[in-house]
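One structure is given below, encoded as structure tokens.
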């Protein structure tokens with residue numbers, strides 16, 4: 001304060017007496033107010049004013065000679081200082097900065113929380129996926145376990161059956177050895193005896209016992225053909241030529257009713273017509289090719305006049321193709337699942353088809369509509385065929401049965417029960433009352449259609465499945481298409497089996513020519529083999 005008064009005294013030297021008196025009064029008022037402020041502790045304390053600012057303004061106004069401005073400034077300056085409030089009022093900028101900092105903090109915390117929530121959600125989704133995966137794995141392992149347990153039980157049952165069979169075979173073997181030893185001793189004894197003595201003792205010799213194996217073997221009752229004048233047909237076939245007909249498996253082949261022409265249907269969605277070679281020829285010529293199905297072909301059948309071909313397919317349709325027009329002239333839709341086979345009636349306008357939808361249908365080709373739907377099988381119907389020049393229709397199914405139908409009435413006339421496994425194909429004999437059927441374990445059953453109660457004979461060609469059977473013209477020879485790549489020939493009278501080797505994969509279809517002198521077979525290797 002002394003320094004300020006000194007400065008004030010120096011300033012008063014340049015002013016008039018009135019101004020000096022006024023200024024001295026102001027100084028006294030200021031000192032009194034300051035003393036009263038110090039004496040009264042309840043009044044607010046005036047903040048210290050920086051002297052550097054006061055001196056700067058005072059010196060600035062003095063240099064410019066603004067005396068009245070300087071005096072007014074000093075009066076207003078000290079009066080404002082005395083009346084100033086004791087509390088601090090922040091400005092808007094400071095308040096905004098504080099709020100901005102708080103807002104930034106909130107945003108930063110919000111982003112952290114969002115990131116944590118997203119990570120938690122991703123972790124939850126990942127854990128749910130892992131849970132579903134492990135649940136599916138557990139379900140699959142459980143199904144495999146149940147399947148293995150089921151297979152194990154079946155194998156145990158088979159093992160028990162095999163043990164009985166092995167025991168019987170061992171007994172047969174021992175009996176055969178005893179019989180062989182006995183016959184050998186008798187033969188040696190006969191060789192050592194003199195000729196005269198042999199002649200004397202010859203009437204006294206007992207006839208040799210029949211082998212004991214006959215007592216253990218059950219010979220099935222074989223159905224004998226009624227026409228003994230028919231020859232059994234050729235049995236010693238040799239591979240004449242092999243045709244690479246399709247690039248994918250061939251499902252069916254069919255022979256033309258009157259010509260040496262054969263049709264083949266394949267998984268490549270096409271069918272082809274082939275001119276068959278005669279004996280000694282090595283070339284088979286393709287005549288025609290057709291395509292239009294949207295899925296694999298499963299079967300084919302010639303029209304009785306040979307001018308058309310019907311095909312079945314995995315696209316659930318039956319199509320009729322006209323050779324003269326070279327295109328499809330009729331598409332029959334009505335099955336709800338893939339169609340497996342078809343067959344024409346001898347009246348030429350009736351076509352039968354079978355499907356995996358457990359039904360068989362009779363179609364009128366002229367009116368292009370379905371006449372009858374045959375429902376009796378409880379599983380997929382795998383094959384269908386008409387008895388030549390008859391209204392009888394034969395179907396076989398995965399339900400292990402065969403059913404003979406009357407096409408006029410649409411009713412089943414007989415049911416053949418005897419297979420232990422799903423039936424793949426059945427066929428009529430063209431010369432007798434015999435019916436042949438095959439199943440997925442290679443068992444061939446021979447039936448008399450007049451006595452469907454039980455098969456007349458059974459031939460086991462397994463364990464691989466038999467896919468198709470076909471009789472020759474005499475009905476005494478049966479060709480079997482086997483899944484092991486062999487074509488088997490069964491003599492119906494003796495139930496003897498021979499094999500033809502020529503395919504690399506499963507054989508799917510077989511058929512004889514019109515005279516029975518040639519045999520055609522086709523398989524999954526896409527090849528057609530011709531045997532003479």
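Residue numbers (full-length UniProt numbering): 1 to 532.
Note that CB positions come from ideal geometry on N, CA and C, so glycine has one too.
>> Taking 8 Å as the cut-off, does the region 498 to 510 touch the region 452 to 459 (at least 3 CB pairs, one atom from each stretch)?
In response: Contact fails: fewer than three Cβ-Cβ distances are below 8 Å.
> Where do the ends of the beta strand (DSSP E) carrying residue 365 lie?
Replying inline: As a position in the chain shown, residue 365 is number 365, starting the count at 1. Residue 365 -> no beta strand (DSSP E), and no H or E assigned at all.
>> Our contact map puts residue 375 next to residue 303 with C-beta atoms below 8 Å; I'd like the distance itself, whole angstroms only.
In response: The residue given as residue 375 occupies position 375 in the chain shown. The residue given as residue 303 occupies position 303 in the chain shown. Between residue 303 and residue 375 the Cβ distance is about 27 Å, and since that is not below 8 Å, they are no contact.
> Are there 16 or more other CB atoms within 10 angstroms of the CB of residue 263, so buried, or fewer, so exposed?
Replying inline: Start at 1 with the first residue of the chain shown, and residue 263 comes out as number 263. Counting Cβ neighbours within 10 Å, residue 263 comes out buried, since at least 16 surround it.
>> Does the region 392 to 399 come into contact with the region 410 to 429, if we say contact requires no fewer than three beta-carbon pairs (one atom in each stretch) closer than 8 Å?
In response: Yes: the two stretches touch, three or more of their Cβ pairs being nearer than 8 Å.
> Which residues bound the beta strand (DSSP E) around residue 248?
Replying inline: Position 248 of the chain shown, counted from the first residue, corresponds to residue 248. Where residue 248 is concerned, there is no enclosing beta strand (DSSP E), given that its DSSP letter is neither H nor E.
>> Rounded to the nearest angstrom, what separates residue 67 and residue 105 at their Cα positions?
In response: On the chain shown, position 67 is the one that residue 67 refers to. On the chain shown, position 105 is the one that residue 105 refers to. A straight line joining the alpha-carbon of residue 67 with that of residue 105 spans about 54 Å.
> For residue 441, which residues from the same chain have a beta carbon less than 7 Å from its beta carbon, with the 5 sequence-adjacent residues on both sides left out?
Replying inline: Mapped onto the chain shown, residue 441 falls at position 441. Excluding sequence positions up to five before and after residue 441, its CB lies within less than 7 Å of the CB of 421, 462, 463 and 465, all in the same chain and listed in chain order.
> Looking at C-alpha atoms only, which residue of 166, 415, 505 and 489 is the closest neighbour of residue 237?
Replying inline: For the purposes of this step, residue 237 is taken as the residue at position 237 of the chain shown. If we check each option's Cα against that of residue 237, 489 comes out closest.
> Going by DSSP, what residues sit across from residue 175 in a beta bridge?
Replying inline: Counting from 1 along the chain shown, the entry for residue 175 is found at position 175. BP columns for residue 175 are empty, so no partner.
> Anyone know if the C-beta pair for residue 379 and residue 344 falls short of 9 Å?
Replying inline: Indexing the chain shown from 1 puts residue 379 at position 379. Indexing the chain shown from 1 puts residue 344 at position 344. No, these two residues do not count as a Cβ contact at 9 Å.
>> I need the boundaries of the beta strand (DSSP E) containing residue 484, first residue and last residue.
In response: Translated into the one-based positions of the chain shown, residue 484 becomes position 484. Unbroken run through residue 484: none, as it is neither H nor E.
>> Alpha carbons only, please: which of 333, 316, 308 and 336 is nearest the one belonging to residue 327?
In response: Position 327 of the chain shown holds residue 327. Among 333, 316, 308 and 336, the Cα nearest to that of residue 327 is on 308.
> Comparing alpha-carbon positions, which option in 523, 531 and 177 lies nearest residue 245?
Replying inline: Within the chain shown, numbered from 1, the residue matching residue 245 stands at position 245. Selected option, being the one with the closest Cα: 523.
> Of the choices 383, 516 and 336, whose alpha-carbon is the least far from that of residue 472?
Replying inline: The sequence position of residue 472 within the chain shown is 472, counting from 1. Here the closest residue by C-alpha is 516.
>> Quick check: what's the CA-CA separation for residue 530 versus residue 450?
In response: As a position in the chain shown, residue 530 is number 530, starting the count at 1. As a position in the chain shown, residue 450 is number 450, starting the count at 1. Roughly 34 Å separates the two Cα atoms.
> By how many angstroms is the C-alpha of residue 403 removed from the C-alpha of residue 161?
Replying inline: Along the chain shown, one-based indexing puts residue 161 at 161. Along the chain shown, one-based indexing puts residue 403 at 403. Whole-angstrom Cα-Cα distance: 31 Å.
> Going by DSSP, which residues form a beta bridge with residue 53?
Replying inline: What you label residue 53 is simply residue 53 of the chain shown in a count that begins at 1. Bridge partners of residue 53 according to DSSP: none are assigned.
>> Measuring CB atoms only, is the region 290 to 302 touching the region 246 to 257, in the sense that at least three cross pairs come out at less than 8 Å?
In response: Remark: three or more beta-carbon pairs, one from each stretch, lie closer than 8 Å, so the region 290 to 302 and the region 246 to 257 are flagged as touching.
>> Going by DSSP in three states, residue 516 sits in which element: helix, strand or coil?
In response: Mapped onto the chain shown, residue 516 falls at position 516. When DSSP states are grouped into helix, strand and coil, residue 516 belongs to the coil group.
> Taking just the CA atoms, how far does residue 525 sit from residue 249?
Replying inline: Within the chain shown, residue 249 is the residue found at index 249, counting from 1. Within the chain shown, residue 525 is the residue found at index 525, counting from 1. A straight-line Cα-Cα distance of about 6 Å links residue 249 and residue 525.
>> Can you look up residue 97 in the DSSP assignment and give me helix, strand or coil?
In response: The residue labelled residue 97 in the question sits at position 97 within the chain shown. In the structure shown, residue 97 adopts helical secondary structure according to DSSP, grouped into three states.
> Grouping DSSP H, G and I as helix and E and B as strand, with all else coil, what is residue 276?
Replying inline: Indexing the chain shown from 1 puts residue 276 at position 276. Of the three classes helix, strand and coil, the one that applies to residue 276 here is coil, per DSSP.
> Any idea what DSSP makes of residue 238, helix, strand or coil?
Replying inline: Residue 238 sits at position 238 when you count from the first residue of the chain shown. Residue state, collapsed to three classes: coil.
>> For residue 58 and residue 70, what's the separation of their Cα atoms in angstroms?
In response: In the chain shown, residue 58 corresponds to position 58, counting from 1. In the chain shown, residue 70 corresponds to position 70, counting from 1. Our two residues, residue 58 and residue 70, have alpha carbons roughly 7 Å apart in a direct line.
> Once you ignore the five residues that flank residue 47 on each side, which residues in its own chain have a CB closer than 6 Å to its CB?
Replying inline: The residue you call residue 47 lines up with position 47 of the chain shown. Legend: pLDDT at residue 47 = 47, less than 50; position of this residue unreliable, no value from coordinates given.
> Quick one, are the C-beta atoms of residue 437 and residue 396 less than 9 Å apart?
Replying inline: Counting from 1 along the chain shown, the entry for residue 437 is found at position 437. Counting from 1 along the chain shown, the entry for residue 396 is found at position 396. Residue 396 is positioned such that its CB atom lies closer than 9 Å to that of residue 437.
>> Measuring straight from C-alpha to C-alpha, what distance separates residue 412 and residue 377?
In response: For the purposes of this step, residue 412 is identified with residue 412 of the chain shown, where counting begins at 1. For the purposes of this step, residue 377 is identified with residue 377 of the chain shown, where counting begins at 1. Rounded to the nearest angstrom, the two C-alpha atoms are 10 Å apart.
>> Residues in the same chain with beta-carbon distance under 8 Å from residue 136, minus the five sequence neighbours each way, listed in chain order, please.
In response: As a first step, residue 136 must be located in the chain shown, where it is residue number 136. Excluding its 5 nearest sequence neighbours in each direction, residue 136 has no C-beta neighbour in its own chain below 8 Å.
> Which residues mark the beginning and the end of the beta strand (DSSP E) in which residue 336 is found?
Replying inline: Along the chain shown, read from residue 1 onward, the residue named residue 336 stands at position 336. First-last for residue 336: undefined, no H or E at that position.
> Are the Cβ atoms of residue 294 and residue 315 separated by less than 9 Å?
Replying inline: The sequence position of residue 294 within the chain shown is 294, counting from 1. The sequence position of residue 315 within the chain shown is 315, counting from 1. Yes. Within cutoff.
>> Assuming the contact rule is C-beta atoms closer than 8 Å, residue 483 and residue 506 should be a hit. Round their C-beta distance to whole Å, please.
In response: Counted from its first residue, the chain shown places residue 483 at position 483. Counted from its first residue, the chain shown places residue 506 at position 506. Going by Cβ atoms, the distance from residue 483 to residue 506 rounds to 4 Å, so yes, they are a contact pair.
>> I'd like to check one pair, residue 410 with residue 373: are the Cβ atoms closer than 9 Å?
In response: Counted from its first residue, the chain shown places residue 373 at position 373. Counted from its first residue, the chain shown places residue 410 at position 410. It is a contact, given that the beta carbons lie within the stated cut-off.
> Does DSSP put residue 293 in a helix, in a strand, or in coil?
Replying inline: Along the chain shown, one-based indexing puts residue 293 at 293. It is coil, neither helix nor strand.
> What residue does the beta strand (DSSP E) around residue 416 start on, and which one ends it?
Replying inline: Indexing the chain shown from 1 puts residue 416 at position 416. For residue 416, the enclosing beta strand (DSSP E) begins and ends at 411 to 417.
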